[in-house]
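Numbering (our numbering), first residue to last: 638 to 1137.
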C-alpha cells in the first residue's frame, strides 16, 4: 500500500514494500524516513556488504519491530523474500550497475536514490547545487544570502557534516541540496526549482566511464525528457556550461551564466587573495558593478561566491544585501583552512582531491608563498578508488606547482595497503619534473615531515581530506584522524626558530 500522498508537481513515492541498498549515512536516513511515514516495519528490508555497528544500534528498534536488516550474504536473495520488495532505495555509494540495483531494475522494480526519495516526499522548494568542485561552498553561501531576507534554509545532501536529504530540518522553508553525480544517476525525476552547476572537470571516471557519462549524470539536475528546471546558474567558462545553457534556453528555462569569460552574464574580474580572504569585482547584468568579498582563500573561491550571488539574486535576494551577507560568512571548513603556526610559516588544510581542485588550491598557495619569498610544500594523498588516470593527473598537477611534495596515503577501506601509495600518484608527480618528491605512506609521519621541512615564509598545504575526521588504521578499523587536529599537534612540536 502506498502511504504517501503526491506533492504538487512531484510524483508520489512508489508503493512498498521497500528494500534499502546500503545503510550507512544515506541509507540510514532512508530507513528512518520510511519508518516515520508509517510503513510497517515488516515491509522494510535493508542490506549492506559490511557491518556497521553504529547504524545497527541506531536501527535496533526498527529491527525489533520486524524490519529485516542484513549484513553480507547474497543481496539478490532479498528480492525474493516475503514480503517481496516493490521498490529499491539505493545509497549513492552503490553504482547503478551493482548486481542488486541491476537485478531490481531487470525485474521492473523502481530503483531510486535516497535523494529522489527525499525530494518526492518534500513539499518545500529546492535549490540543487552540483559540479566537480565548489559545491559545499556555494551551498553554504546561498544559505547565508537567503537568511538575510528571512528565509530559513537548510543545507543537506552530499555536504560533509550535514544531514542527509531525507532528514533535512523540517523547520526550514528552503532546501539547499548539495547533489553529487552519484546521487543524480539514480534519481529519475528530481528537478529543483533552481539548479546550479559550479564547474565540470575530470572526476569520478571510475564510476561514469568518461566525461560524457559524467556530464550526463550532472545534466539530470537540469533537464528531463519532458521538463526543464525553471532557473539555472551555469559556468560561462569551459564547454559544458555554455552547451547546457543553450539546451535549457531552447527548453524555455531562464539561465544565468557566471565566470571570467567576457560572455558571462555575471562576470568575475580582478580577484585579489590574501590569508584574510578573497575579493573580486563582479559585473552584473544591466551594468551594475559590485566588489564581492569572501573570507575563503583563493581566486576559485571568488567564482564560488559569484555563483552563490547569482543563485541568490535568481531567488529574489537584493544583490547588495547578498554581497554583504557573503562577506561575513564563515568559510566552509577544510578549504585552505589555516592552522595556527607560530614558527613564521603558514599551514593550510584543503580538500583538493582531483586535478582541477589541486591546481586551484595550490596555485593560490604558491602565489601567497612567492609574495612572502617562501616555498610551497605540499602533503598530498588520493583515494585508491579513483581511476589510475585520475590519480596520475592529480600527481602531475601537484608536481608541477609544489616546490616540495610529500606523497602519502588516505585509507578508506581495510583492504587498501597501508605501506604503499595508490599506483599512478607518484608516477604523475615525477612526470611533472618540477617538485622535490618524498614518499611517506603513513599520513601522520608525512604531515610531520612536511612541517619539519618548512622554513619562515614557506606555506605547507596538507591536501586530500579537508575536514574529514576519520580514516582506516593499520588494524583495519576506522579511527579518528583530522588533518587539522594532527597538524596542530605536530606544529606544537616543531622547534622554535633560533633568535638572532
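The C-beta atom is built at its ideal place from N, Cα and C for all residues, glycine as well.
Bridge partner(s) assigned by DSSP for residue i
{"i": "residue 681", "result": "655"}
{"i": "residue 750", "result": "727"}
{"i": "residue 918", "result": "906 and 928"}
Residue i in three-state terms, based on DSSP
{"i": "residue 952", "result": "coil"}
{"i": "residue 797", "result": "coil"}
{"i": "residue 872", "result": "strand"}
{"i": "residue 738", "result": "helix"}
{"i": "residue 1063", "result": "helix"}
{"i": "residue 937", "result": "helix"}
{"i": "residue 1049", "result": "coil"}
{"i": "residue 908", "result": "strand"}
{"i": "residue 817", "result": "coil"}
{"i": "residue 969", "result": "coil"}
{"i": "residue 963", "result": "helix"}
{"i": "residue 1018", "result": "coil"}
{"i": "residue 1106", "result": "coil"}
{"i": "residue 1116", "result": "strand"}
{"i": "residue 893", "result": "strand"}
{"i": "residue 987", "result": "strand"}
{"i": "residue 1074", "result": "strand"}
CA-to-CA distance, residue j to residue i, given in whole angstroms
{"i": "residue 654", "j": "residue 715", "result": "12 Å"}
{"i": "residue 728", "j": "residue 813", "result": "19 Å"}
{"i": "residue 993", "j": "residue 768", "result": "12 Å"}
{"i": "residue 1023", "j": "residue 1065", "result": "14 Å"}
{"i": "residue 640", "j": "residue 647", "result": "For residue 640, the predicted structure reports a pLDDT of 32, less than 50, and the residue's modelled location is therefore unreliable. The matter cannot be settled from this model."}
{"i": "residue 644", "j": "residue 1096", "result": "Confidence at residue 644 is low in this model, with a pLDDT of 48, below 50, so its placement is unreliable and no value can be given for it."}
{"i": "residue 850", "j": "residue 1015", "result": "32 Å"}
{"i": "residue 1101", "j": "residue 1042", "result": "13 Å"}
{"i": "residue 676", "j": "residue 782", "result": "37 Å"}
{"i": "residue 1089", "j": "residue 1069", "result": "24 Å"}
{"i": "residue 1130", "j": "residue 981", "result": "14 Å"}
{"i": "residue 979", "j": "residue 934", "result": "20 Å"}
{"i": "residue 679", "j": "residue 784", "result": "42 Å"}
{"i": "residue 791", "j": "residue 797", "result": "14 Å"}
{"i": "residue 1005", "j": "residue 997", "result": "13 Å"}
{"i": "residue 633", "j": "residue 830", "result": "Nothing in the structure corresponds to residue 633, since the chain is present only between 638 and 1137."}
{"i": "residue 869", "j": "residue 726", "result": "28 Å"}
{"i": "residue 1040", "j": "residue 1075", "result": "11 Å"}
{"i": "residue 1073", "j": "residue 1067", "result": "9 Å"}
{"i": "residue 1108", "j": "residue 874", "result": "36 Å"}
{"i": "residue 816", "j": "residue 995", "result": "21 Å"}
{"i": "residue 885", "j": "residue 1122", "result": "45 Å"}
{"i": "residue 802", "j": "residue 864", "result": "22 Å"}
{"i": "residue 893", "j": "residue 1127", "result": "46 Å"}
{"i": "residue 903", "j": "residue 938", "result": "15 Å"}
Whether residue i touches residue j by CB criterion (8 Å)
{"i": "residue 787", "j": "residue 793", "result": "no"}
{"i": "residue 826", "j": "residue 761", "result": "no"}
{"i": "residue 649", "j": "residue 724", "result": "no"}
{"i": "residue 1031", "j": "residue 1062", "result": "yes"}
{"i": "residue 954", "j": "residue 971", "result": "no"}
{"i": "residue 832", "j": "residue 866", "result": "yes"}
{"i": "residue 1047", "j": "residue 1080", "result": "yes"}
{"i": "residue 807", "j": "residue 834", "result": "no"}
{"i": "residue 1071", "j": "residue 1110", "result": "no"}
{"i": "residue 908", "j": "residue 936", "result": "yes"}
{"i": "residue 915", "j": "residue 906", "result": "no"}
Exposure label - residue i; buried when at least 16 CB within 10 Å
{"i": "residue 659", "result": "buried"}
{"i": "residue 1045", "result": "buried"}
{"i": "residue 881", "result": "buried"}
{"i": "residue 686", "result": "exposed"}
{"i": "residue 673", "result": "exposed"}
{"i": "residue 1049", "result": "exposed"}
{"i": "residue 1136", "result": "With a pLDDT of 46 at residue 1136, under the threshold of 50, the predicted position of this residue should be treated as unreliable, and no value is reported."}
{"i": "residue 734", "result": "exposed"}
{"i": "residue 967", "result": "exposed"}
{"i": "residue 989", "result": "buried"}
{"i": "residue 697", "result": "exposed"}
Residue i: CB within 7 Å of a non-hydrogen atom of the ligand COA
{"i": "residue 709", "result": "Although the ligand COA was asked about, the structure shown includes no ligands whatsoever."}
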